[in-house]
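Following: one structure in structure tokens, then a few remarks.
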Amino acid sequence: SQKIEQNSEALNIQEGKTATLTCNYTNYSPAYLQWYRQDPGRGPVFLLLIRENEKEKRKERLKVTFDTTLKQSLFHITASQPADSATYLCALDDNYGQNFVFGPGTRLSVLP
Amino acid sequence: ETGVTQTPRHLVMGMTNKKSLKCEQHLGHNAMYWYKQSAKKPLELMFVYNFKEQTENNSVPSRFSPECPNSSHLFLHLHTLQPEDSALYLCASGRGGDYGYTFGSGTRLTVV
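So the sequences go chain by chain: V and A. In terms of the working numbering, the first sequence is residues 2 to 113. In terms of the working numbering, the second sequence is residues 2 to 113.
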């Protein structure tokens, strides 16, 4: 069956460190993989998209990698800040960029 | 504001009521989506509209009825709901391919 897993439900790290979140998938062949941030009571906010033929993408303090052999994406936040505390969702397409299916999310807490 | 507006933000309804959720976007996106987000569960795709045409109905019970009169507006009509339908209902719009979705803030629905 198709499945998307994110490494842990919750992750605590110290301010200034690099947070690394994992997204693994089974029985999908995505052309695109996305990462979103969601704050409590709000809708997800799009952060980054990476294509199947890209290994790495960066945006400011964010970095995403995509390994289609391992069926895994890693999401890094460098020099983390308490304001980065939120739930982070990965999503991948099941219809060549048309419909995206979401993982369960990882709740990140950056401690001062 | 994200550019996708959902109303109402909160809704409490009895199991015999009929109500509608509204979503509006003026981003020029051709696709609109309804997602359901329950506690401790991933976002579930419910319906997809592309250029006003429904392209996906993800095995959603008939007590949920979508309507898309034009590319900017999307409704979700609700009738005879069950308490387990209580959730955050999120609307999103997108233009496919390399671009992420833009989500609204959601409607928090409670069925009593």
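No residue lacks a Cβ here, since even glycine has one placed at the ideal position from N, Cα and C.
Check whether the Cβ of residue i sits closer than 7 Å to any heavy atom of the ligand SAH, and report yes or no.
i     : result
V:L50 : The ligand SAH is not part of this structure, which contains no ligands at all.
Starting from the C-beta of residue i, find all residues in its chain whose C-beta is less than 7 Å away, skip the five residues before and the five after it, and write them out in chain order.
i      : result
V:D95  : Y29 and V102
V:K56  : T66 and F67
V:R62  : I78, T79 and A80
A:Q83  : M16 and V112
V:E16  : S81, Q82, P83, V111, L112 and P113
V:P138 : Residue 138 of chain V lies beyond the range of chain V shown here (2 to 113); nothing can be said about it.
Tell me which residue opens and which closes the beta strand (DSSP E) that residue i is part of.
i      : result
V:D68  : L63 to D68
A:N31  : Where A:N31 is concerned, there is no enclosing beta strand (DSSP E), given that its DSSP letter is neither H nor E.
V:L71  : Careful: V:L71 lies outside any beta strand (DSSP E) and carries neither H nor E.
V:P113 : Looking at the DSSP string, V:P113 is not in any beta strand (DSSP E), and its letter there is neither H nor E.
V:T19  : Careful: V:T19 lies outside any beta strand (DSSP E) and carries neither H nor E.
A:K19  : K19 to Q26
A:M16  : Neither: A:M16 is in no beta strand (DSSP E) and is coded neither H nor E.
A:L44  : No beta strand (DSSP E) contains A:L44, which DSSP labels as neither H nor E.
A:M68  : A small fix is needed here, since residue 68 of chain A is Glu in this sequence, not Met. Note, A:E68: beta strand (DSSP E), F65 to N71.
V:V46  : V46 to R52
A:V112 : T108 to V112
V:R38  : Y33 to Q39
A:T6   : V5 to T8
Let me check one thing: in DSSP terms, what residues is residue i bridge-paired to?
i      : result
V:E177 : A question about residue 177 of chain V goes unanswered here, because the residues of chain V that appear run from 2 up to 113.
A:T81  : None; A:T81 has no bridge partner.
V:D94  : V:F101
A:V49  : A:Y34 and A:E57
A:S94  : A:M33 and A:T103
V:D7   : Reading off the sequence, residue 7 of chain V comes out as Gln, not Asp. Answer is V:C24, bridged to V:Q7.
A:A88  : A:L110
Within its chain, find whatever has a CB closer than 8 Å to the CB of residue i; leave out the 5 residues flanking it on each side and keep chain order.
i     : result
A:S73 : E25, Q26 and H27
A:Y50 : A32, M33, Y34, T56, P67, C69 and L75
Could you check what DSSP says for residue i in three-state terms: helix, strand or coil?
i     : result
V:A80 : coil
Ignore the nearest five residues each way along the sequence and tell me which others in residue i's own chain have a CB closer than 6 Å to its CB.
i     : result
V:L22 : F76, Y89 and T107
V:E53 : A32 and T69
V:A92 : Q35, F101 and F103
V:I51 : L34, K58, V65 and F67
V:D85 : I78 and V111
Contact defined as beta carbons within less than 8 Å: I believe residue i pairs with residue j. What is the distance between those atoms, to the nearest angstrom?
i      : j      : result
A:P9   : A:T103 : With 8 Å as the limit, A:P9 and A:T103 do not qualify as a contact, their Cβ atoms being about 19 Å apart.
V:I13  : V:S110 : According to the sequence shown, residue 13 of chain V is Asn rather than Ile. Going by Cβ atoms, the distance from V:N13 to V:S110 rounds to 5 Å, so yes, they are a contact pair.
A:Q38  : A:L22  : Not really, about 13 Å apart at Cβ, beyond 8 Å.
A:T81  : A:R64  : 5 Å
A:K42  : A:N71  : A:K42 to A:N71, Cβ: 31 Å. No contact.
A:L110 : A:S94  : Incorrect: roughly 20 Å between the Cβ atoms, too far for contact.
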